[in-house]
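Undergrad:
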Amino acid sequence: MLPKLKIVSYLSAADWCVFFGVLALTFAAALYGRRRKKRPQNTALDYLLMGRQLTLPLFVATLVATWYGGIFGVNEITFNYGIYNFVTQGVFWYIAYLIFAFFIAQRVAQYKSVTLPDLAGSMFGPKAAKVAAVFTFFYITPVAYVLSLGLFLNMAFGISVLQGMIYGTLFVCLYTMWGGFKSVVFSDLVQFFVMCSSVLIVVLFSLHDFGGLGFLKEHLPASHFSLTGGNSVLNTLIWGFIALATLIDPSFYQRCFAAKSPQVVKKGVLISTFIWFCFDLCTTAGSLYARALLPQAEPAEAYFFYAVQLLPSGLKGFFIAGILAIILSTLNSFLFIAANTLSFDLLRNRFKNIVLTNRLSMLAVGALAVGMSYILHGSFKEIWLTLGSYFSACLLMPILLGYIYPRRISDNLFVLSTLCSAAAMTLWRLCPLPVFWRQFDPFYIGVAVSALILLCNLRKGKSYVKSLTDL
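According to our numbering, the sequence shown is numbered sequentially starting from 779.
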């Protein structure tokens, strides 16, 4: 393999034509989404949820595309730990997807909410909506994905990571602001086909040039074929619990609220799960080849540089367009949802024009994400683990128990359980502990505290009745 250079060193005129062609097609799709409307675009429901008219093909495309913005993080985990990535970022999540499809989708549909915090307000009360909005906002603020975009532009064009984060995020904000959720969905449709095709061609060329499993076993450490990748069982299992965040994930819920029917949601999640399985096989395999052939490369960058050295002219441009599509499809969704959370859930009563507030909020979220990415610049694994563990530990139990025991968790009880969970996790992180107790991640403490508070109060037979909010 060739030594690592900037991506521009590998690209031909044909590659640039393909790359900018895909980028132009994505932008055109976003503009088409803005024009394709059956009601005035300034209505909040149309702007935020596409008027609840999301069809099955669009549901699948936008859901799949949204889920993979942290491609460099996935590559980093595979490079360092092997198939541990497929277990922690794949298998655990498939289980959560199936639980959502068979047990949650129908329950979500009955509330006709607009956002996850709005749903919490319908289930528990106004205080719960505000608390859920705060946790959702920091969880969905796309720190890792802004960083991914900055790294991509740095590797591709040689500009600084900070400049890449600023220019790239501003570009995504502008085309997403233009058409709202419709622009997100139709740009995701293009990005869905490009990203899936790009990771597949890397695997096919790798198999052709180097062989299959035998080559990988010969050139990789044995631990890369261990389910735990050399990590402890507790460290591995925590990803299983974090995967359950799918059951309360804001981007999942946004698509469910926008779908035409609960049947679209159930079928769409099942189809998406199969596509995710295939996609994960491709990205894991490609990253293993990168580790085998570029063992001295930066873990987060190895797959990227491996692929552009492997592929022929023309396909190089298609591949880097695919990587960019993976990042943009998640970044635009997360920016939009974070802006929704800020404008609809936190500032709704202060400003009358939700659409305008959403657009201004998106710029604010973009700036915050760039700032946080710059400050927290580090391991993708640690960023995901920290933000995901707080969100999951604090909100998972009250919302799930709210489905199981409808109208029996009060507004105040929801707030108490979430805040106590967050406080317990923070204390566990900050306090010096013996080595034995350090092996228990703060996530476990947060879930335990939340569950204990909720179950003890439920056993007392307390009830809270609140009619659903008509939107």
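Using N, Cα and C, we set each Cβ at its ideal position, and we do this for glycine too. On a predicted model such as this, the values are computed, not experimentally measured, just so you know.
#1: Give me the Cα-Cα distance between Tyr1081 and Arg1186, rounded to the nearest whole angstrom.
#2: Based on Cα-Cα distance, which residue from Phe850, Val912, Ile855 and Tyr889 lies nearest to Ala1117?
#3: Can you give me the C-alpha to C-alpha distance between Ala1226 and Ala1200, rounded to a whole angstrom?
#4: Can you check DSSP and say which residues form a bridge with Leu1012?
#5: Evaluate Pro1212 with the Cβ neighbour count: other Cβ atoms within 10 Å of its Cβ, from every protein chain shown; 16 or more gives buried, anything less gives exposed.
#6: Below 8 Å on the Cβ atoms is my contact criterion, and I expect Gly958 with Tyr810 to pass it. Report the Cβ-Cβ distance as a whole number of Å.
#7: Among Val981, Leu1124, Thr1061 and Ala1068, which residue has its Cα nearest to the Cα of Gln867?
#8: So which of Cys1056, Cys1034, Phe1057 and Phe1055 has the shortest CA-CA distance to Gly1046?
#9: Around the C-beta of His1002, are 16 or more other C-beta atoms found within 10 angstroms, so that it is buried, or is it exposed?
#10: Ala1037 by DSSP, collapsed to three states: which one?
#11: Taking the alpha-carbon positions, what's the Tyr862 to Ile979 distance?
#12: So is Tyr923 buried or exposed if we call it buried at 16+ other beta carbons inside 10 Å?
#13: Would you call Leu991 buried or exposed, if buried means 16 or more other Cβ atoms sit within 10 Å of its Cβ?
#14: Please go through the same chain and pick out, in chain order, the residues whose beta-carbon is closer than 6 Å to the beta-carbon of Pro1077, but skip the five residues on each side of it.
#15: Please name the residue, chosen from Leu1194, Phe850 and Val939, that lies closest to Ala1229 on a Cα-to-Cα basis.
#16: Within 10 Å of its beta-carbon, does Asn820 have 16 or more other beta-carbons around it, so buried, or fewer, so exposed?
#17: Looking at the unbroken alpha helix (DSSP H) that takes in Gln831, where does it start and where does it end?
#18: Once DSSP output is grouped into helix, strand and coil, what is the label at Gly957?
#19: Roughly how far, in whole angstroms, is the beta-carbon of Leu834 from the beta-carbon of Val968, given that I think they are within contact range, below 8 Å?
#20: From the DSSP output, in three-state form, read off Lys1045 for me.
#21: If we count Cβ pairs, one from each stretch, closer than 8 Å, do we get three or more for the region 1098-1107 versus the region 864-878?
#22: Going by C-alpha distance, which of Thr1119, Tyr1183, Tyr1067 and Gln831 is nearest Thr919?
#23: When the distance is taken between beta carbons, is Pro1028 closer than 7 Å to Ala883?
#24: Enumerate in chain order the residues of its own chain whose CB-to-CB distance from Trp794 is below 7 Å, with the five nearest sequence positions on each side excluded.
#25: Relative to the alpha-carbon of Leu1015, which residue among Gln888, Val921 and Val865 has its alpha-carbon at the smallest distance?
#26: How many whole angstroms separate the CB atoms of Thr844 and Asp966, which I take to be in contact at a CB cut-off of 8 Å?
#27: Look up Pro1220 in the DSSP assignment and say whether it is helix, strand or coil.
#28: Which first and last residues belong to the alpha helix (DSSP H) in which Arg1207 is found?
#29: How would you write the range of the alpha helix (DSSP H) that Gln867 sits in, first residue to last?
#30: Where does Gln1074 fall in DSSP's three states?
#31: Our contact map puts Ala879 next to Lys1038 with C-beta atoms below 8 Å; I'd like the distance itself, whole angstroms only.
#32: With a 10 Å radius around its C-beta and 16 neighbouring C-beta atoms as the bar for buried, classify Val892 as buried or exposed.
#33: For the alpha helix (DSSP H) that contains Lys890, what are its first and last residues?
#34: At what residue ranges does the region 1058-1130 contain a whole run of the alpha helix (DSSP H), taking only runs of 4 or more?
#35: With a 10 Å radius around its C-beta and 16 neighbouring C-beta atoms as the bar for buried, classify Leu1205 as buried or exposed.
TA: The relevant details are as follows:
#1: 49 Å
#2: Val912
#3: 11 Å
#4: Answer is none; Leu1012 lacks a bridge partner.
#5: exposed
#6: 13 Å between Cβ atoms; not a contact.
#7: Thr1061
#8: Cys1034
#9: buried
#10: strand
#11: 23 Å
#12: buried
#13: exposed
#14: Glu854, Phe857 and Asn858
#15: Leu1194
#16: Its pLDDT being 46, under 50, Asn820 is placed unreliably in this model, and the value from its coordinates should be taken loosely. Classification of Asn820: exposed, given that the 10 Å Cβ count is below 16.
#17: Premise fails: Gln831 is in no alpha helix (DSSP H) and is neither H nor E.
#18: helix
#19: Incorrect: roughly 18 Å between the Cβ atoms, too far for contact.
#20: helix
#21: no
#22: Thr1119
#23: no
#24: Gly1095
#25: Val865
#26: 7 Å
#27: helix
#28: Asp1189 to Leu1208
#29: Counting along the chain, Gln867 falls outside any alpha helix (DSSP H), and DSSP gives it neither H nor E.
#30: coil
#31: Not a contact, Cβ separation roughly 16 Å.
#32: buried
#33: Here Lys890 belongs to no alpha helix (DSSP H), and DSSP marks it neither H nor E.
#34: 1080-1088 and 1093-1118
#35: exposed
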